[in-house]
Every structure is written in C-alpha cells, then in structure tokens.
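In the numbering used here, the protein residues as written are 519 to 694.
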C-alpha cells in the first residue's frame with residue numbers, strides 16, 4: 519500500500535493531517551504506518567469502520583488507536599469507546615459480517631460488526647462495536663457460551679494489543 523492509497527482510504531472519515539508509511543533501509547514498506555486526523559471523532563469513526571478490513575492483498579488492516587496522554591478528556595472518551603467493543607472467538611465459518619451484526623443487534627445499536635477474513639476465508643473471530651457500553655455488557659453476558667451457527671462462541675471485552683495510546687494516531691500492520 520502506498521501513502522497515497524493510505525490517505526485515500528482514511529480521508530473518507532475526515533481531515534487527515536498526517537499520513538506516513540515507514541520504510542526499511544531498502545525503501546520498502548515495513549507494513550507500519552501512522553494516520554493523524556484533525557479531530558478525535560474522525561479518528562474514532564475511521565477506527566470503528568476500518569479495523570479488520572480485508573485489503574486487496576487478502577490481509578486484514580489492523581488499527582491501533584492512540585490517545586494523547588496530555589488530554590485526560592480524550593483518554594476517558596477512548597476508554598469508554600474500547601468498552602463498547604466485543605471480541606468474539608470460535609465463530610462458525612458460515613458467519614459473515616451481516617449475520618454477526620444481526621445476532622448482536624438484539625442487545626442494542628451495533629455500530630459495526632466485522633468477521634476477520636484472510637483471502638476470503640473466515641479466521642474464526644470477529645469484533646462487534648456497540649453505541650453504548652451497557653448494550654455491549656448485556657450482549658457479552660447473554661451471548662458468551664451460546665451457540666451461533668454450529669459453534670459455541672466466546673465473547674469478551676475487546677482489549678487492544680498495546681496499552682499505550684496517543685491522540686488521533688493509528689498504527690496498523692499487514693499492508694504489504
């Protein structure tokens with residue numbers, strides 16, 4: 519993926535103020551980049567919509583949201599945002615984004631539901647993002663250990679892989 523393609527992908531969600539892809543010593547992408555938005559809300563919308571997106575090369579776009587540690591208000595917003603996301607494991611291979619969203623929508627407004635795919639094949643896990651934390655908690659408590667399709671699913675609060683966060687920056691991998 520080029521910086522121009524990265525910019526085009528993220529600019530649909532707001533004003534991009536910075537867009538970089540890191541390169542190795544041979545000037546090849548090392549599958550890591552940073553995108554900054556002018557407003558936190560734009561960054562959150564891009565994060566919710568694009569995280570887990572299958573790229574043209576069959577790899578998934580992995581986005582890590584960072585918050586500015588100097589801005590306590592933004593830190594609170596991000597933490598509450600994270601508690602609205604659920605991680606669903608052991609998904610039946612026939613469950614797609616639409617079926618996942620439909621299954622969880624009975625607990626509240628689902629902002630996004632994405633089954634992680636690689637080369638068009640389900641990886642057996644997904645992420646569901648609710649508008650409200652209470653709805654996410656109710657869905658987790660109700661759906662954990664329930665059958666969805668032909669499998670018993672495991673539902674937990676989504677935890678990002680890194681603990682540090684900086685405002686309106688994204689980190690992602692698998693863009694080769």
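The beta carbon of each residue, even a glycine, is placed where N, CA and C say it ideally should be. Quantities reported herein were computed from a predicted structural model and do not represent experimental measurements.
Does the structure place the region 613-630 close enough to the region 649-656 that three or more beta carbon pairs sit under 8 Å? yes
Identified DSSP bridge partners for residue 578: 572
Compute the Euclidean distance between the alpha carbons of residue 526 and residue 609, then round it to the nearest angstrom. 32 Å
Suppose the cutoff is 6 Å on Cβ atoms and the five residues either side in sequence are ignored; what does the same chain contact list for residue 658 look like? 604, 673
Close Cβ partners of residue 535 (< 6 Å) along its chain, the five nearest in sequence each way excluded: 554, 556
What did DSSP end up calling residue 619 once you bin it into helix, strand or coil? helix
Check residue 595 in the structure and name its three-state DSSP category. With a pLDDT of 44 at residue 595, under the threshold of 50, the modelled position of this residue cannot be trusted; read the value that follows with caution. Helix.
Should residue 573 and residue 551 be called a contact, given that it needs their Cβ atoms to be closer than 9 Å? no
Roughly how many whole angstroms lie between the Cα atoms of residue 582 and residue 565? 8 Å
Own chain partners of residue 560 with C-beta closer than 8 Å, once the 5 adjacent residues on each side are dropped: 531, 532, 533, 686
Do you know how far the Cα of residue 642 is from the Cα of residue 669? 10 Å
Should residue 630 be labelled buried (16 or more other beta-carbon atoms within 10 Å of its own) or exposed? buried
Straight-line Cα distance separating residue 529 from residue 611: 32 Å
Please report the distance separating the alpha-carbon of residue 680 from that of residue 667. In this prediction, residue 680 scores a pLDDT of 37, lower than 50, which makes its location untrustworthy; the coordinate-derived value is nonetheless stated afterwards. Taking the straight line from one Cα to the other gives about 31 Å.
Distance between residue 522 and residue 621 (C-alpha atoms, nearest Å): 37 Å
In terms of alpha-carbon separation, which member of 578, 638, 606, 637 lies closest to residue 726? Lying before the first or after the last residue shown, residue 726 is absent from the chain, which here runs from 519 to 694.
Kindly examine the ligand FMN and report whether one of its heavy atoms sits closer than 8 Å to the Cβ of residue 662. With respect to small molecules bound, the structure shown includes none, and the ligand FMN cannot be examined in it.
Between which residues of its own chain and residue 676 is the CB-CB distance below 7 Å, once the five residues before and five after are set aside? 600, 603, 604, 605, 645
Which residues mark the beginning and the end of the alpha helix (DSSP H) in which residue 527 is found? 521-528
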